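**Student:** I'd like to ask some things about the structure below.
There are 2 protein chains.
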Amino acid sequence: MFACAEVGRTVDKKEYNRRLPKLREELLEVQGLLRESDFPVIVIFGGVDGGGKGESANYLSEWMDAHWLRTVAYDPPTTEEKERPRFWRYWRDLPPRGQIGIFLSSWYHSPLLNRVHGKSKLKAFQHSLREIRSFERTLADDGALIIKFWMHLGKDAQKKRFLDMENDPLLHWRVTERDWEHWRMYDQFVSVSETLIQETDLPEAPWKIIEGADPHFYGLEVGETILKRIRQHLKKSQELAKKRKKEPVKPGTRLSKKNALKGIDLEKSLEKKPYQLELERWQGRLNLLHRQAREKGIPMVLAFEGWDAGGKGGAIRRITAALDSRSYKVFPISAPTQEELAQHYLWRFWKQLPRAGKISIFDRSWYGRVLVERIEGFATAEEWKRAYQEICDFEGELVGHGTAVAKFWLHISKDEQKRRFEARQQVPYKRWKLTEEDWRNRDRWEEYEDAINDMIELTHTQDAPWVVVEGNNKRFARIKVLQEVCKALDRALHQHATCHG
Amino acid sequence: MFACAEVGRTVDKKEYNRRLPKLREELLEVQGLLRESDFPVIVIFGGVDGGGKGESANYLSEWMDAHWLRTVAYDPPTTEEKERPRFWRYWRDLPPRGQIGIFLSSWYHSPLLNRVHGKSKLKAFQHSLREIRSFERTLADDGALIIKFWMHLGKDAQKKRFLDMENDPLLHWRVTERDWEHWRMYDQFVSVSETLIQETDLPEAPWKIIEGADPHFYGLEVGETILKRIRQHLKKSQELAKKRKKEPVKPGTRLSKKNALKGIDLEKSLEKKPYQLELERWQGRLNLLHRQAREKGIPMVLAFEGWDAGGKGGAIRRITAALDSRSYKVFPISAPTQEELAQHYLWRFWKQLPRAGKISIFDRSWYGRVLVERIEGFATAEEWKRAYQEICDFEGELVGHGTAVAKFWLHISKDEQKRRFEARQQVPYKRWKLTEEDWRNRDRWEEYEDAINDMIELTHTQDAPWVVVEGNNKRFARIKVLQEVCKALDRALHQHATCHG
């Protein structure tokens, strides 16, 4: 695989000086076009030590406008990072649309090293490569341009590079004992790298192997590749945008067959007296379970969806009343900000994932993608249809990290909604909650029903199951929510005990 | 001080139900007005355990629109937080203009407890109160409305509250051994609280002591106070805005007397040969010093200011070339984003403070406030005149935390600037760097000179000194910058050794 990157390709100084000015000019020009476009560029440098990863990133910073380009390099994860799923730190650092993010020691770094050093089994290695594929696909599907460089040196060339550096008073500090240790493991390193490259060489995010011996050569090669790829992508994205404009906005037909909402007995109810007792009981239980979860460092994510006036807020308040105010954060989700729009739609949820032992409660959530965005045509058919899998992957990462996940659909009848809307209109301090939009949504009740049924069927998983809550009676609904939150904590505690003995 | 909050004030249920609906309606109404305004509201709850701090915050979340209101409560600082100055975590959580942030266990929490438990001496306690005053004044000066509630209970009332809670199956978990421990130290707690309240009862951020025994009473009291204060502040801020509109935009006359730029010998230069040797020497030294700083966990902040085309970028690249790419981040500062505009102007710099052992390099910085914002009238005279002290306080906090700070003015002559502008025009890939604005700034050279002289004189401190760099000769300038960065690291290492033995 690497043979073609061990042939000693070079570019002499004259040639370099001839080609560089034009390249810089053109890079700046496409960077300007990129600024006006709707996608981010993610540049990844992997490869052998001394192969020019850092140097290439430095070239790019020098050649392009640093305001719209950021280089990120990673240390071992901090406590705050370790307490979240592995990709949390990378999501945080993703460039917004129109900008370039350069990643050194990226998400490839630890899977590769762990495997080379025998710290991870083949199965775990394969699993982490699958995660990477899913991550990159998610970004690429959203329009991101992903450019991956593998900077290569032959074994002798690497040795020579280290020796050269050691003899250079300015560079000798760059060569560490660790570098030599890696060099001695060169063959192993190359063999693991081959698997890694093969398994993550996606059509939407291909690797380009570059010989990293001569800075003039690899500098131009990296720069010219980026230039070409951005140009291609700009063209592609313009064509896509044109095509999109023509696409009619429609919520689309049902994807699933089952009707999750059908069997729901909305008449279930609870009287005031037993409600008080149950409330006490389940809030006490929740408090107890959460203190256990806190001790074990188990984070929890709760997502609340439901019809307008379905009782999300009331149910959430019955949960938080049982918790210490340091333990949870409630995120009411409304239209995304400018900063959030410049990112993948999952970005703002990734950002708010809880630390170990904490709870993030989302009042409306990422499911907006397949509900309001589908119905209102804010997302294209392709986008919302893709979202079911993206969401399952997202929640899968939470669960894989040991997070307790519970998600609720607060279900009420169309009549009950009308009663509640009318009641809200009567109370001055509740009137604000009722907007034009609520009435509009109500007119599209049947379209929403389709979307909800699809959502529940396509994103119901064992570890992140949907709970449809019979919501016509608020007391019944609140108790059921509390019970199910407890159930989710129980499940996570049990799993934790199984995994950690 | 607390006697008037131990008289057993209550509100009966009937009265409560009569007043609450109107209060909620009005709170929502002012929240709507607030959304359109240009200031944030910061609500702080301090006081005794069981005095209704968390309950009050819950009321507010329930009564107002949760989308524009956020409650924050703090655990002991995480590693990431400990590695930054104390107020870093609070800056991160400040609400944007138009929104409300509610702080539980805020910046008052640890100074109070440390003092009560005898963990801090009087001097340290006083120091932390001074820091708080400076923090709140900085926010208030920027327009923030700060509302501080001290929730009080008499000793017997607190005991009764704890016993009541212990007997309530739903609430018993809220009473911990720690609460009783605090109760036994009640007198001490009250005595320290008195000092704390007296010393931080600022005209722009006064304390309101509230009797925390009856939820109906304190709920209404808190809600009505917030209502009144926001209304007053809205009125005040409208008047201010009107007054501002009338104020003519002018850069203002010199504040300082000294002329820091006058004695600068711009002809200092370095030939290519000795430059190469010096570069090697100082980059090596920088690398060595930074590795020591990394080991000691010393963070570093570098600020680069200078005339357009003064050579900031080139100087920065000579620094980063000597460092591991994981060690530093370069922040090129341009016009603030929407999100940044919604915050205090220092917010975006606070956000990017380096962790222990890391370096944040700002290519243009917070000094924009007293340079471009002063000259262009983006800041009012009052604002930029106030900024010198704010900046000194900000840098003081960095230094107090052990951060190495260095700031550079890259100085060139007006003729040299012209030469460089013209040279840039000749090179296609450098042309983009030259904008209309650069020529406009050049026309205001003398006004900038005044602003620069003021800046250097008014913000030059021993621990964060200005370095004016003779910049006509790029080689000389780059070496001087490297030397001064080394000096700053040396200084911080020395100080660290003194403090930590």
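Top line first, the protein sequences correspond to chains A and B. Position 317 (the first sequence) corresponds to 317 in this note's numbering; numbering is contiguous. The number in this note's numbering is simply the position in the second sequence, starting from 1, with 501 added. Where a beta carbon is used, it is the ideal one built from N, C-alpha and C, also for glycine. Remember, predicted model here, so these are calculated numbers, not experimental data.
For I711 of chain B, which residues of its own chain have a beta-carbon under 6 Å away from its beta-carbon, when the five flanking residues on both sides are left out?
**Tutor:** Excluding positions up to five away in sequence, the list reads F650, M652, Y719 and E722.
**Student:** Using beta carbons (cut-off 8 Å, strictly below), is E898 of chain B in contact with chain A?
**Tutor:** Chain A contact via Cβ: absent.
**Student:** Using the DSSP secondary-structure output, state which residues sit across from S606 of chain B in a beta bridge.
**Tutor:** Paired residues: none, contrary to the question.
**Student:** Between the Cα of D894 of chain B and those of B:F879, B:G753, B:F909 and B:H961, spot the shortest distance and give me the residue it belongs to.
**Tutor:** With distances taken between Cα atoms, D894 of chain B lies closest to B:H961.
**Student:** Less than 8 Å between the C-beta atoms of A379 of chain A and I298 of chain A, yes or no?
**Tutor:** Not a contact, by the Cβ cut-off of 8 Å.
**Student:** Do you know how far the Cα of V468 of chain A is from the Cα of G306 of chain A?
**Tutor:** Each residue's Cα considered, the two are about 9 Å apart.
**Student:** Take E224 of chain A as the anchor and find which of A:L20, A:R475 and A:F362 has the nearest alpha-carbon.
**Tutor:** Selected option, being the one with the closest Cα: A:L20.
**Student:** Measure from the C-beta of H67 of chain A to each C-beta in chain B and report whether the shortest distance is under 8 Å.
**Tutor:** Judged by the 8 Å Cβ criterion, H67 of chain A is in contact with chain B.
**Student:** Determine, using beta carbons only, whether S927 of chain B comes closer than 8 Å to chain A.
**Tutor:** Note that residue 927 of chain B is Gln in the sequence shown here, rather than Ser. Chain A contact via Cβ: absent.
**Student:** Within the stretch 406-492 of chain A, note down every full beta strand (DSSP E) run reaching 3 residues or more, in order along the chain.
**Tutor:** Fully enclosed beta strand (DSSP E) runs of 3 or longer: 466-470.
**Student:** Is it buried or exposed, H1001 of chain B, if we count other Cβ atoms within 10 angstroms and call 16 or more buried?
**Tutor:** Exposed.
**Student:** Does any C-beta atom of chain A lie closer than 8 Å to the C-beta of R733 of chain B?
**Tutor:** For clarity, residue 733 of chain B is Gln in the given sequence; the question names Arg instead. Not one chain A Cβ lies under 8 Å of Q733 of chain B.
**Student:** D702 of chain B and W708 of chain B - do their beta-carbons sit closer together than 8 Å?
**Tutor:** Contact flag set, yes.
**Student:** Pick helix, strand or coil for H653 of chain B, following the three-state DSSP scheme.
**Tutor:** The answer is strand: DSSP assigns H653 of chain B an E or B state.
**Student:** By the 8 Å beta-carbon criterion, what residues does the stretch 75-106 of chain A contribute toward chain B?
**Tutor:** Within the stretch 75-106 of chain A, the residues whose Cβ lies closer than 8 Å to some Cβ of chain B are D75, T78, T79, E80, L104 and S105, listed in chain order.
**Student:** Between the Cα of I953 of chain B and those of B:V871, B:R792 and B:D825, spot the shortest distance and give me the residue it belongs to.
**Tutor:** When only C-alpha atoms are compared, the closest one is B:V871.
**Student:** According to DSSP, simplified to helix, strand and coil, what is D363 of chain A?
**Tutor:** Here D363 of chain A sits in strand by DSSP.
**Student:** By the three-class DSSP mapping on this structure, what secondary structure does V617 of chain B have?
**Tutor:** Residue state, collapsed to three classes: helix.
**Student:** Judging by CA-CA distance, which residue of A:G101, A:P77, A:R97 and A:G51 is the nearest neighbour of L60 of chain A?
**Tutor:** Looking at the Cα atoms, A:G101 is the closest of the given residues.
**Student:** Would you mind reading off the limits of the beta strand (DSSP E) that contains F832 of chain B?
**Tutor:** Where F832 of chain B is concerned, the enclosing beta strand (DSSP E) stretches over Y829 to P833.
**Student:** Helix, strand or coil for F503 of chain B? Go by DSSP, reduced to three states.
**Tutor:** In the structure shown, F503 of chain B sits in coil (DSSP, three-state: anything other than H, G, I, E or B).
**Student:** Quick one: which unbroken alpha helix (DSSP H) runs of 4-plus residues sit fully inside the stretch 7-65 of chain A? Chain order, please.
**Tutor:** Counting only runs of 4 or more, we get 13-35 and 53-63.
**Student:** Using CA coordinates, which residue listed in B:M565, B:L803, B:A823 and B:N615 is at the minimum distance from E896 of chain B?
**Tutor:** Ranking B:M565, B:L803, B:A823 and B:N615 by Cα distance to E896 of chain B puts B:L803 first.
**Student:** Three-state secondary structure (DSSP) at F304 of chain A?
**Tutor:** Residue state, collapsed to three classes: strand.
**Student:** Name the chain A residues whose beta carbon is nearer than 9 Å to that of T838 of chain B?
**Tutor:** The answer, in chain order, is Q338 and E339.
**Student:** Taking the straight line between their C-alpha atoms, what separation do you get for D642 of chain B and P577 of chain B?
**Tutor:** If you take the alpha carbons of D642 of chain B and P577 of chain B, they lie about 29 Å apart.
**Student:** Per DSSP, which one or two residues make a beta bridge with E211 of chain A?
**Tutor:** A:H152.
**Student:** Within the stretch 115-196 of chain A, note down every full alpha helix (DSSP H) run reaching 4 residues or more, in order along the chain.
**Tutor:** If we require 4 residues or more, the alpha helix (DSSP H) runs fully inside the stretch 115-196 of chain A come out as 122-141, 155-167 and 177-184.
**Student:** A406 of chain A: buried (16+ other C-beta within 10 angstroms of its C-beta) or exposed?
**Tutor:** Classification for A406 of chain A: buried.
**Student:** Looking at the secondary structure, which residues open and close the beta strand (DSSP E) in which L842 of chain B lies?
**Tutor:** Looking at the DSSP string, L842 of chain B is not in any beta strand (DSSP E); the run it does join, the alpha helix (DSSP H), is Q839 to L842.
**Student:** Over the uninterrupted beta strand (DSSP E) stretch that includes L69 of chain A, give me the two end residues.
**Tutor:** Residues L69 to A73.
**Student:** Excluding the 5 residues preceding and the 5 following A574 of chain B in the sequence, name in chain order all residues of the same chain whose CB lies nearer than 6 Å to its CB.
**Tutor:** Excluding residues within five positions, the ones whose Cβ falls inside 6 Å are L605 and S606.
**Student:** Would you check if the distance between the CB atom of L640 of chain B and the CB atom of V542 of chain B is smaller than 8 Å?
**Tutor:** No, the pair does not count as a contact, with Cβ atoms beyond the cut-off.
**Student:** Taking all protein chains shown into account, decide if K554 of chain B is buried (16 or more other Cβ within 10 angstroms of its Cβ) or exposed.
**Tutor:** Burial call: buried.
**Student:** Can you check which of these residues, B:A742, B:L771, B:D657 and B:L630, is closest to G694 of chain B by C-alpha distance?
**Tutor:** The amino acid at residue 694 of chain B is misidentified as Gly; the sequence shows Ser. For S694 of chain B, the nearest C-alpha among the options comes from B:L630.
**Student:** Output needed in chain order: residues of the stretch 307-319 of chain A with a Cβ under 8 Å from some Cβ in chain B.
**Tutor:** If the cut-off is 8 Å between Cβ atoms, the stretch 307-319 of chain A has G313 and R317 near chain B.
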